[in-house]
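One structure is given below, encoded as structure tokens.
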Amino acid sequence: MRLNADFLAYAHDGRLVLAAEARNRPSAGQRWAAEFRRNLLAGGVIPAAPFFLLALRDRFFLWRPQAADPMSPPDYEADADDVLRPYLVHLRHSLGSLGNDSFDMLVSLWLDDVVHGTAGEQPLWMTASGLDRELRGGTIAMAPAT
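Each residue of the sequence shown is one higher than the one before, counting from 383 in the numbering used here.
See below:
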């Protein structure tokens, strides 16, 4: 099976829970994020997963399962630095100084830690959305580098 999203996350029972895209670029706002998601869905680039995460260099956008309208704004928005800070401390780099592959790897490490319960205290949006609970004990698949 070809993996179309940058990351696919599965619950412990094998259900697809999350499709995620990581882009090492600054955010252009919620409307741009919604259009980006709509284009991915319309083009069949990402599978229809209950949750969708767009991880950008400066912002994370999360849509919950009830976001059926492709142009709906994200349900949650967070500062990427707040989410990834624990990893950046060890790298001694800022998000803006990372290359594309490094940024993807950072997002992958964070998702993997969420799945394994080693990411520490989760941001409010992760717990409020129920995504952390859905991911716990599951698996992450990362698209091969192109």
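Where is the CB? At the ideal position from N, CA and C, for every residue including glycine.
If contacts are defined as beta-carbon pairs under 8 angstroms, then residue i and residue j qualify, I think. What distance do you get, rounded to the angstrom?
i	j	result
TYR458	LEU444	4 angstroms
ALA404	ASP388	5 angstroms
LEU400	LEU517	7 angstroms
Put residue i into one of helix, strand or coil per three-state DSSP.
i	result
LEU436	strand
ARG407	coil
LEU466	helix
ALA401	strand
LEU390	strand
MET453	coil
ALA510	helix
ALA523	strand
Within the same chain, show all residues whose beta-carbon is closer than 7 angstroms to that of residue i, passing over the 5 residues directly before and after it, in chain order.
i	result
VAL465	PHE442, TRP492, PRO505
PHE418	LEU436
GLY499	ARG518
Pick out whichever of the options has its Cα sitting closest to the Cα of residue i.
i	options	result
HIS397	PHE418, ALA430, ARG420, ARG413	In the sequence as displayed, the identity of residue 397 is Arg instead of His. The option with the nearest alpha carbon to ARG397 is ALA430.
MET524	LEU480, ARG518, ALA415, LEU488	LEU488
ARG551	ALA462, TRP507, VAL496	Here the chain comprises residues numbered 383 to 528, so residue 551 is not present and cannot be evaluated.
ALA450	LEU423, VAL427, VAL471, GLN412	LEU423
GLY425	HIS394, GLN448, PRO452, ARG474	PRO452
GLY502	ARG420, ARG439, ARG467, ASP440	ARG467
ALA393	ASN421, TRP507, VAL497	VAL497
Which residue or residues does DSSP assign as beta-bridge partners of residue i?
i	result
GLU459	PHE443
By Cβ distance below 8 angstroms, which residues in the same chain neighbour residue i in space, the five residues on each side in sequence not counted?
i	result
ALA402	ALA387, ASP388, PHE389, LEU390, ALA391, PHE434, LEU435, LEU436, ALA437, VAL489, LEU493
GLN412	PHE443, PRO455, PRO456, GLU459
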